[in-house]
Amino acid sequence: MTTLDTQLCTLNDVPDGGSNGFVLDTDDGRCGLMVIRRGNGIVCYTNSCPHIGTPLDIQPGKFLDRARAHILCTTHGALFNIDDGLCIAGPCVDDHLTPIATEVRDGAVFVDKQTLPTIWPPLAPVPTVEDL
98 MTTLDTQLCT LNDVPDGGSN GFVLDTDDGR CGLMVIRRGN GIVCYTNSCP
148 HIGTPLDIQP GKFLDRARAH ILCTTHGALF NIDDGLCIAG PCVDDHLTPI
198 ATEVRDGAVF VDKQTLPTIW PPLAPVPTVE DL
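Using our numbering, the letters of the sequence shown correspond one by one to residues 98 to 229.
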């Protein structure tokens, strides 16, 4: 049984009808996530194009096309349904974004950090003065 016990954000962090991006550390790297809000409901996917794995957002946290009807991949212009992550246009037609299970409780969005995929390697340590 999975437990959605890691708070990703609050509903207020994602504008109604809009989107935002978040990054969580995993055991072996980082997982970028996108959250799209409609009222009190949200959908969440990994921030990774199924075609070549690049981040989807054209600007940090901006994942939707101008009409806010589809998720837009900034790399090749692929369009994805918001509700099911299906690619309907672009080089990865019929592929899906990777959905992430979420739960909204008391105005906060929770995920199960243990089940998140690693989509980016860990960051290299920042050098200190002693390293120079």
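Using N, Cα and C, we set each Cβ at its ideal position, and we do this for glycine too.
Through-space distance from residue j to residue i, alpha-carbon basis
i	j	result
residue 204	residue 114	16 Å
residue 186	residue 174	8 Å
residue 177	residue 184	4 Å
residue 103	residue 163	31 Å
residue 211	residue 168	26 Å
residue 108	residue 150	27 Å
Contact under 8 Å by Cβ, residue i with residue j
i	j	result
residue 119	residue 132	yes
residue 157	residue 193	no
Residue from the options with nearest C-alpha to residue i
i	options	result
residue 180	198, 174 and 106	198
residue 100	195, 145, 201 and 153	201
residue 209	111, 183, 109 and 122	122
residue 152	127, 116 and 170	170
residue 137	164, 112 and 127	112
residue 135	184, 110, 129 and 211	110
Own chain partners of residue i with C-beta closer than 8 Å, once the 5 adjacent residues on each side are dropped
i	result
residue 195	142, 143, 145, 147, 182 and 214
residue 165	114 and 115
residue 129	118, 119, 120, 143, 144, 145, 152, 216 and 217
Cβ shell of residue i (< 6 Å), same chain only, five flanking positions each side left out
i	result
residue 189	147, 148 and 175
residue 125	215
residue 105	119, 206 and 208
residue 154	118 and 160
residue 191	none
residue 127	120 and 217
Cβ-based neighbour list, residue i, same chain, cut-off 7 Å, excluding 5 preceding and 5 following
i	result
residue 98	Residue placement at residue 98 is flagged as unreliable, the pLDDT there being 48, under the threshold of 50; a coordinate-derived value is accordingly withheld.
### Query
Taking the runs of the beta strand (DSSP E) that are 3 residues or longer, which of them lie wholly in the segment 160-194?
167-169, 176-178 and 184-186
#### Entry: Every unbroken beta strand (DSSP E) inside the segment 124-151 [3 residues or more]
126-135 and 138-143
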